[in-house]
Structure formats: C-alpha cells, structure tokens
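Each residue of the sequence shown is one higher than the last, beginning at 68 in the working numbering. No residue lacks a Cβ here, since even glycine has one placed at the ideal position from N, Cα and C.
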Amino acid sequence: MKSKKVKAKVLASAIFVVLLVAIGGAIAASASVQAIDGDADAIERVMPPIGEKISWHIYNGHSYTLTNNWSTWAEAEQEAVSLGGHLVTINDDAENAWLTETFKDTYVRSYSGDPWQNIVWIGYYYDASSESWKWISQEPVTYYRHDYPLWPQGGTRAYLHLAYHPYPGTWNANPLHDTDYSYQPKGIIEVGMGISIYTDKTSYTTNDTMHVGLDVTNPGGAQAVSVGIGLDKPDGSTVWFINKPSVTLPAGFEYSKDKLIILPSIPAGIYTWRAILDDPVTGEIICEDTAEWEFVGGEGLTDLTEILKEITIIEDFGE
Ligand SMILES: [Ca+2]
Numbered sequence: 068m069k070s071k072k073v074k075a076k077v078l079a080s081a082i083f084v085v086l087l088v089a090i091g092g093a094i095a096a097s098a099s100v101q102a103i104d105g106d107a108d109a110i111e112r113v114m115p116p117i118g119e120k121i122s123w124h125i126y127n128g129h130s131y132t133l134t135n136n137w138s139t140w141a142e143a144e145q146e147a148v149s150l151g152g153h154l155v156t157i158n159d160d161a162e163n164a165w166l167t168e169t170f171k172d173t174y175v176r177s178y179s180g181d182p183w184q185n186i187v188w189i190g191y192y193y194d195a196s197s198e199s200w201k202w203i204s205q206e207p208v209t210y211y212r213h214d215y216p217l218w219p220q221g222g223t224r225a226y227l228h229l230a231y232h233p234y235p236g237t238w239n240a241n242p243l244h245d246t247d248y249s250y251q252p253k254g255i256i257e258v259g260m261g262i263s264i265y266t267d268k269t270s271y272t273t274n275d276t277m278h279v280g281l282d283v284t285n286p287g288g289a290q291a292v293s294v295g296i297g298l299d300k301p302d303g304s305t306v307w308f309i310n311k312p313s314v315t316l317p318a319g320f321e322y323s324k325d326k327l328i329i330l331p332s333i334p335a336g337i338y339t340w341r342a343i344l345d346d347p348v349t350g351e352i353i354c355e356d357t358a359e360w361e362f363v364g365g366e367g368l369t370d371l372t373e374i375l376k377e378i379t380i381i382e383d384f385g386e
C-alpha cells in the first residue's frame, strides 16, 4: 500500500511537471520583458529547473533537489514534506560549501542579472516561543552562519547565498523574500534514507512467537548502501546474519516486511536487534535502529544460529 501511494505521488508530480513546461514558456516570455538590465545568459540560467523531472543530487547518503516553485518559506517546506523530507538542514561547513556550489545556478523568481538574488531557502527559522533559531527537520543546530554584515536583516526565515552571490556561503533572512512575490526564491529539499526494526513484544520465553519487522525507505535518488542486520546477545557479542556490502536502493524505495519466529530455549537475558545502513565507500553509518527484548527462563541450550537461519526478512531486498 505504501509504495502505491508513493508511485501515485510521483505520477502526480510528473503531471505537474508537464504543466510547468507549458507555464514555463509563458514565464520565460515575461522574464525577458522584466530583465531589462540583465543579459540573455542570465535569463536562460534561471529557466532550466522549470519542467525538469526530479533530479536528485546525492551527498553523504542524503538526496537533495530544488522545489519546483518559487514560493514563501512555508510553501517550500510544504513541498519538501510532500517528497518525504524537509527544507535542507545544514549540519557542517562541508555541506554548506557543497550546497553553495551545487545549486549555484538558482535565482529568485524575477531575477534580472542581479547576483544578490542568487539565493535559496534553507530549513533554518526563528522560533518565537523558544526565542531561538532552529531547523525545521528538528535536527539540533550544530552549525550556523550568522555572519556580519548581512545576518539576519530582521527576518525569521533563512536562505543561503549561493556561489555567484557577493557573500557566497553565508545566510540571511531579509523578510522581503518571504513577502514580495517577485523576490521569492526556490528552496533546497533534503531527504534521507530510513531503517526501522521492531518486535511485537519486549519479553519472550521458550516457544513464544516473535514478530520481527523491518522497514527501509529511500525517498530520494537511487544509491548504494551496505546493509547489516544483527543481534546483540546477553554476553555482549553481536551476531551479524545479514551483511550485504553493496545493495542499490532505487529512487523512491519503500520496503516493509515482517517475519514470525518461534523461539527455542536460548540463554536468558537482554537481546537487541540491530539494523544498519552504511555508506559502502566510507563505512560511515547513514542510519540505524535497534529493538531491545528480554528472554526469560528457558534451558539456554540452543545455539542462536538456529534462530538466525529463520531470519530471511530481507533476502529479496535486491542486489
Ligand atoms: Ca543535512
């Protein structure tokens, strides 16, 4: 059911994109009228994103794309949520530099050759109730660019200055861009992969049936990952029973599967299912999840490999 929903969404946005191609022609005509002090190259530079299919840029296990529309910050965030993500969260200087360069050909709606309009919405906003700047993704603020002399110019919704801007890589929040239609920018959408492993109960004994579930999602572009599924045992060691060094998760991938296991008599104690997606090149963890449960009683005689033989929950995961 879930994957059908996603396909419907993709189809809907494909139809929307076709409409935009038609609308794009009309906007191009009006842009050339407005761009009285711009040059032909500048006008062309602003047009290509319109009407293109979603083309994802991959960085550090995350996928990034521009919003289809120039809009208010809130509308851009809404578009990001509809694709399974949020307006971009910039976690460090490397990501900030990559975004500044990768999306440098992006300008506000009425761009007319002015490099100061080389900007995009990011997910950084001022939360009045806590009187602090936050990320809309709810990730913690680990990095920010509150640089003199521009920041934040009285606004509460932030954008990034791209590579052609006079202050590339810095942020600003001039409210003009949220309120004046012709100065509205596009936004950068960031989506990540997700993995979730879970059981139906937290305590089991011999001959109980355990229901183990695994969900994997990749709302962005296709990318390769290493997949590890393991079980931490009461003695502190971990048994890895699925360890695929490189599996390509297709764009828009949604996987959800569960398995019933009849538990033999195993050593009593705390066990933890562990599911991890790693970057196959750097080995860094992209996402992981755990599910802890307790085994009570039992003779403790059965080798765990007997259970693990039953865990084939991702055998059809794709190669
Ligand atoms: Ca990020």
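Residue state for A335 is assigned as coil, using DSSP reduced to three classes. With a cutoff of 8 Å, H124 does not count as near ligand 1, since its C-beta is closer than that to no heavy atom of the ligand. For V155, the closest of G288, T272, V258 and Q290 by C-alpha to C-alpha distance is V258. In this structure, I255 and L166 form a Cβ contact; the two beta carbons are roughly 6 Å apart against a cut-off of 8 Å. Non-local C-beta neighbours of N163 in its own chain, meaning closer than 8 Å and more than five positions away in sequence, comprise I157, Y210, R212, L227 and G236, ordered along the chain. Nearest in C-alpha terms to L371, of all of W307, I189 and P312, is W307. Partner residues in a beta bridge of D159, as assigned by DSSP, do not exist. Residues whose Cβ lies closer than 7 Å to any heavy atom of ligand 1, listed in chain order: H129, V155, T156, I157, N158, E162 and E257. W183 carries a helical assignment under DSSP once its states are collapsed to helix, strand and coil. With distances taken between CA atoms, K268 lies nearest to T339 out of H124, T339 and S313. D302 is the residue among T223, D302 and Y131 whose C-alpha sits nearest the C-alpha of G367.
DSSP, reduced to helix, strand and coil, places L371 outside both helices and strands of the structure shown, so it counts as coil.
Secondary structure at A291: strand, using DSSP grouped into helix, strand and coil. Residue burial annotation: E146 is buried, with at least 16 other C-beta atoms found within 10 angstroms of its C-beta.
Under DSSP, the beta-bridge partners assigned to E321 are T284. The C-beta distance from V292 to P347 rounds to 6 Å, short enough to meet the 8 Å contact threshold. Apart from the 5 residues on each side of it in sequence, P252 sits with its Cβ closer than 7 Å to the Cβ of W137, V175, I186, V187, W188, Y226 and H244 in its chain, given in chain order. In the DSSP assignment, T305 falls within the unbroken beta strand (DSSP E) covering T305 to L316. Annotation: D275 is outside any beta strand (DSSP E) and is labelled neither H nor E by DSSP.
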